[in-house]
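Contents: one structure, followed by commentary.
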Amino acid sequence: MLAMQAVAVVTIAIVVLIVLALVYYLVSVILELRKITRGLDDVIANVGEILAKTVPVNDIVENINANLDAGVDALEGLLVKKAGLTDAVGLVDGLYPGAASAGLRNFPESTEVTAPRIGEVYTRGTLTLARLGREAPVAAASPNGFPLRNVEGGSLAARLLYPDLRQSRPDSLPRSPVIGTDAPVQYEQRDDIGAPRKRLPANRR
Amino acid sequence: MILWWIGNAVLLLVVVPVAVVLLRGVLGAAKSIVPSVNQIATVAAAGSKDLDAAPLLLTTQDQVAQTIAGVANYGGSLDVILDDA
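Rendered as structure tokens:
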């Protein structure tokens, strides 16, 4: 009977030990899970803020891109219209070496154009126009150095002072007028030429 | 009576250690999640703070529209001033 009581006590003690272990570890797990829940609450709150802040981004960025696309289209078209496709490609390639292979966005045939070497001195306005057409920021430095030649020392500004006829670089200009007795156009002889100089009145001296 | 003792021994030497090992494993896994969740919360807070400038995109949108309008006017004037190729 005594032995049986001892076995029962040992059994109860072991069961109590197991229950205590279960309680300790399960309560610890519950506490950790509560920490996790609090952390996830913070995460959800912050992710909710991110979602709320990024809701209008898509529409705005699409609108900005649409505007920029329209601007690029307009400037690219204007460049091609004013400079011609070949010169436009040459101009762009002059600013961004190798860009001619990519061509102009709205002119697929521009990829087949052999880019000429632009030897002309372009004005800053033209270069800015070309930069905008290539979607580059205004006044950004070219990766290959300053793209402008010395405008102040160039010949274009001085050449523009001459009449428009010289801008077209004709093969021959009109000849100077012929003078003399054999000239096709004879002018009326002035009587005062060769005559003694008139003396002014004394009171004018 | 002997079987009872054997049962007690098995309970003490096998069941209790196995239960403790398993419970410690669960507790260790739960504890390892907490730092990760805290780091995620920190990163999410930083990401949310980084997006504070997102409303400025509205200003950018307006300025881009104004710029493009100016460029269009500029291009239109150039189109009139300059001869076509």
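The listed protein sequences derive, respectively, from chains E and A.
Just so we're aligned: 409 in my numbering is position 100 of the first sequence, and the numbers increase by one with no gaps anywhere.
Just so we're aligned: 382 in my numbering is position 10 of the second sequence, and the numbers increase by one with no gaps anywhere.
We put the CB at the ideal spot given by N, CA and C, even for glycine.
For clarity, every value in this text was computed on a predicted model and none was experimentally measured.
Taking C-alpha positions only, I345 of chain E is separated from A379 of chain E by approximately 50 Å. At least 8 Å separates the CB of T431 of chain A from every CB of chain E. For the pair L394 of chain A and L331 of chain E, the CB atoms are not nearer than the 8 Å cut-off. A Cβ-Cβ distance of about 17 Å is found for the pair L394 of chain E and L450 of chain A, leaving them out of contact under the 8 Å criterion. The straight-line gap separating the alpha-carbon atoms of G447 of chain A and Q438 of chain A is approximately 14 Å. Under the three-state reduction of DSSP, L454 of chain A is assigned to coil, being neither helix nor strand. Collapsing the DSSP output to three states places L377 of chain E in a helix.
Residue environment for S419 of chain E: buried (at least 16 other C-beta atoms within 10 angstroms of its C-beta). Taking A383 of chain E as reference, the option from E:L413, E:P486, E:E421, E:E341 with the minimal CA-CA separation is E:L413.
For M310 of chain E, none of the residues of chain A pass the 9 Å Cβ criterion, the least Cβ distance being about 11 Å.
For I405 of chain A, the neighbours in chain E by C-beta distance under 8 Å run, in chain order, E341, I345. For V325 of chain E and V319 of chain E, the gap between their C-alpha atoms comes out near 10 Å. Here the C-alpha atom of D368 of chain E lies approximately 10 Å from the C-alpha atom of L429 of chain A. Under the 10 Å beta carbon count, N376 of chain E is surrounded by 16 or more other beta carbons and is classified as buried.
Within the stretch 373–388 of chain A, contact with chain E at the beta-carbon level (separation under 8 Å) is assigned to M373, W376, W377, G379, N380, L383, L384, V387, V388.
At a C-beta separation below 7 Å, N445 of chain A has no neighbours in chain E, since its nearest C-beta there lies roughly 11 Å away. Between V386 of chain A and Y334 of chain E, the gap from beta carbon to beta carbon reaches 8 Å or more. Close CB contacts of P493 of chain E within its chain, under the 7 Å cut and outside five residues either way in sequence, are with V487 (chain order).
The three-state reading of DSSP puts L342 of chain E in helix, counting H, G and I together.
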